[in-house]
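Here's the structure we're looking at; comments come further down.
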């Protein structure tokens with residue numbers, strides 16, 4: 097009798113153990129490792145420990161990457177890659193134009209193109225009527241700023257004798273990096289009366305664009321490198337740069353002590369109108385689609401905003417009170433479209 101009881105107990109334990117194992121198997125996602133290219137501005141996000149743990153636990157995902165400029169991604173060999181994650185839809189259009197095939201794509205984050213400068217420069221531009229401070233947020237009249245560059249006005253002309261050379265906006269290389277490319281489109285539109293440049297009127301702005309970019313000289317190929325140089329080298333080297341809003345928001349969280357030292361000097365300015373940088377994830381394989389599912393998770397979207405400053409696409413994940421950044425706009429509403437891909441290609445070729 098005792099043997100029968102013992103046998104029954106063992107049998108029950110086996111059944112319970114098997115059931116528990118099957119339950120565990122159902123609750124544990126398949127393990128997936130993906131590899132692809134991403135823009136440098138998103139590296140701190142994918143290296144976030146909370147992000148890594150969340151996507152591993154809920155999606156079985158390990159995400160490997162290499163840094164590459166968004167526009168350069170359109171021309172790289174993707175035969176062994178699962179995804180591309182550039183910072184604009186133009187990169188997706190160029191990828192397809194070059195014969196690339198994607199299984200799925202979706203905009204994961206948005207962030208507006210902004211200008212970064214120092215207080216002394218912003219004050220001078222405000223006196224010239226180029227910058228307007230409304231409720232503590234600085235807005236840039238892009239037509240007026242573009243005209244200063246076309247007319248070769250110097251910093252001395254607006255009272256900044258301590259700065260040398262013409263008034264220019266430093267950017268990354270528009271042929272390699274998205275932030276520079278989007279500023280190129282923004283500037284071209286400004287020279288066209290804040291209307292998207294078309295094939296029919298591109299010649300009216302092309303000469304001015306070429307003239308401006310020839311004065312810029314060497315341009316960085318990475319948005320994150322450009323932003324870091326701006327912070328380190330000061331107003332003499334970089335009076336104004338074009339970048340992403342997310343960069344300063346992220347910096348205020350990741351390097352809070354350093355941000356406190358510069359918060360009253362480094363100023364974020366919103367071009368009016370500006371252009372959205374849409375960080376589109378491009379799945380190239382079935383495994384790559386797992387990455388997209390993970391990135392659209394509401395908790396991941398909330399993390400992207402609160403720790404890294406990306407304005408997200410999932411409702412309810414964006415709270416402006418997350419940041420204590422001087423001059424941050426709660427909402428960005430004055431947005432204009434980029435010129436078409438064919439117009440951008442012509443402008444990009446003109447400034448090579």
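Numbering (our numbering), first residue to last: 97 to 448.
Built from N, CA and C at the ideal position, the CB exists for glycine as well.
Model, not experiment: these values are computed from the prediction.
With the cut-off set at 8 angstroms, would you say residue 139 and residue 163 are in Cβ contact?
The count along the chain shown starts at 1 and reaches residue 139 at position 43. The count along the chain shown starts at 1 and reaches residue 163 at position 67. Between residue 139 and residue 163, the CB-CB gap stays under 8 angstroms.
By the 10 Å Cβ neighbour count, where 16 or more other Cβ atoms means buried, how is residue 429 classified, buried or exposed?
For this step, residue 429 is matched to residue 333 along the chain shown. Residue 429 counts as exposed, since fewer than 16 other beta carbons sit within 10 angstroms of its beta carbon.
Run the CB neighbour count on residue 335, radius 10 Å, all protein chains shown included, and call it buried at 16 or more, exposed below.
Along the chain shown, one-based indexing puts residue 335 at 239. Around the beta carbon of residue 335, a 10 Å sphere encloses 16 or more other beta carbons of the protein chains shown; the residue is thus reported as buried.
Pull up the CB-CB distance for residue 371 and residue 431, whole angstroms please, since I reckon it's below 8 angstroms.
Position 275 of the chain shown holds residue 371. Position 335 of the chain shown holds residue 431. About 7 angstroms; that satisfies the 8 angstroms criterion.
Under 8 angstroms, with one C-beta from each stretch per pair, do the stretch 312–325 and the stretch 286–300 reach the 3-pair mark?
Two segments are said to touch when three or more pairs of C-beta atoms, one from each, lie closer than 8 angstroms; by this definition the stretch 312–325 does not touch the stretch 286–300.
Just reading off the alpha helix (DSSP H) that residue 437 is part of, what are its end residues?
Position 341 of the chain shown holds residue 437. Residues 437–446.
Taking all protein chains shown into account, do 16 or more other C-beta atoms lie within 10 angstroms of the C-beta of residue 423, making it buried, or fewer, making it exposed?
Stepping through the chain shown from its first residue, residue 423 is reached at position 327. Buried, by the Cβ-count rule.
Report back the beta-carbon spacing between residue 367 and residue 134 to the nearest angstrom; my notes put them in contact at under 8 angstroms.
On the chain shown, position 271 is the one that residue 367 refers to. On the chain shown, position 38 is the one that residue 134 refers to. The distance from the Cβ of residue 367 to that of residue 134 is about 25 angstroms, inconsistent with a contact at the 8 angstroms cut-off.
Determine, using beta-carbon pairs with one atom in the stretch 229–239 and one in the stretch 247–258, whether at least three such pairs fall under 8 angstroms.
At 8 angstroms Cβ cutoff, the stretches do not touch.
Would you be able to state if there are at least three C-beta pairs under 8 angstroms between the stretch 278–285 and the stretch 347–360?
Segments in contact, no.
Run the CB neighbour count on residue 333, radius 10 Å, all protein chains shown included, and call it buried at 16 or more, exposed below.
Start at 1 with the first residue of the chain shown, and residue 333 comes out as number 237. Residue burial is scored here from C-beta neighbours: residue 333 has fewer than 16 other C-beta atoms within 10 angstroms and is therefore classed as exposed.
Applying the criterion that 16 or more other CB atoms from any shown protein chain within 10 Å of the CB defines a buried residue, is residue 408 buried or exposed?
What you label residue 408 is simply residue 312 of the chain shown in a count that begins at 1. Using a 10 angstroms sphere on the CB of residue 408, the tally of other CB atoms reaches 16 or more, which defines it as buried.
Please go through the stretch 251–324 and give each complete alpha helix (DSSP H) segment of 4 or more residues, from N-terminal end onward.
For the stretch 251–324, the continuous alpha helix (DSSP H) assignments of 4+ residues that do not extend past its boundaries occur at 274–287, 299–312, in sequence order.
Grab me the residues of residue 308's own chain with a C-beta within less than 6 angstroms of its C-beta, minus the 5 sequence neighbours each way, in chain order.
If you number the chain shown from 1, residue 308 lands on position 212. The residues are 245.
Keeping to the same chain, check which residues put their C-beta closer than 6 angstroms to that of residue 256; ignore five residues upstream and five downstream.
Position 160 of the chain shown, counted from the first residue, corresponds to residue 256. Contacts found: 220.
Run of the alpha helix (DSSP H) containing residue 199, from where it starts to where it stops
The sequence position of residue 199 within the chain shown is 103, counting from 1. Where residue 199 is concerned, there is no enclosing alpha helix (DSSP H), given that its DSSP letter is neither H nor E.
Just how far apart, CA to CA, sit residue 224 and residue 272?
Residue mapping note: residue 224 aligns to position 128 of the chain shown, counting from 1. Residue mapping note: residue 272 aligns to position 176 of the chain shown, counting from 1. Distance between the alpha carbons of residue 224 and residue 272: 33 angstroms.
If I measure Cβ to Cβ from residue 426 and keep anything under 8 angstroms in the same chain, skipping five residues before and after, which residues do I get?
Working through the chain shown from its first residue, we reach residue 426 at position 330. Taken in chain order, the residues that qualify are 416.
If I measure Cβ to Cβ from residue 395 and keep anything under 7 angstroms in the same chain, skipping five residues before and after, which residues do I get?
By one-based count along the chain shown, residue 395 stands at place 299. Counting only Cβ-Cβ distances below 7 angstroms, and skipping sequence neighbours, we find 150.
What does a CB cutoff of less than 6 angstroms around residue 405 pick up in its chain, not counting 5 residues either side in sequence?
Counted from its first residue, the chain shown places residue 405 at position 309. The residues 342, 345, 346, in chain order, have a CB closer than 6 angstroms to that of residue 405 in the same chain once the five nearest residues on each side in sequence are set aside.
Any idea if residue 269 is buried or exposed, counting beta-carbon neighbours within 10 angstroms, 16 or more meaning buried?
Working through the chain shown from its first residue, we reach residue 269 at position 173. Buried, since its Cβ has 16 or more Cβ neighbours within 10 Å.
Taking the alpha helix (DSSP H) that residue 354 falls in, what are its first and last residues?
Translated into positions along the chain shown, residue 354 becomes position 258. First-last of the alpha helix (DSSP H) with residue 354: 352–358.
Status (buried if at least 16 other CB within 10 Å, exposed otherwise) for residue 214
Position 118 of the chain shown holds residue 214. Taking a 10 Å sphere around the C-beta of residue 214, we find 16 or more other C-beta atoms and assign the residue as buried.
Determine the DSSP secondary structure at residue 157, reduced to helix, strand or coil.
Residue numbering aside, residue 157 sits at position 61 when the chain shown is read from its first letter. Note: residue 157 maps to strand in three-state DSSP.
Apply the 10 Å Cβ neighbour rule to residue 339 and answer buried if 16 or more other Cβ atoms are within range, or exposed otherwise.
Here residue 339 refers to the residue found at position 243 when the chain shown is read from its first residue. Looking at its Cβ environment, which holds 16 or more other Cβ atoms inside 10 Å, residue 339 is buried.
Could you have a look at residue 326 and say whether DSSP puts it in helix, strand or coil?
Counting from one through the chain shown, the residue named residue 326 turns up at place 230. The answer is helix: DSSP assigns residue 326 an H, G or I state.
Kindly list the residues whose CB is nearer than 6 angstroms to the CB of residue 402, restricted to its own chain and excluding five residues on each side of it in sequence; keep chain order.
Taking the chain shown and counting its residues from 1, the one referred to as residue 402 is at position 306. 418, listed in sequence order.
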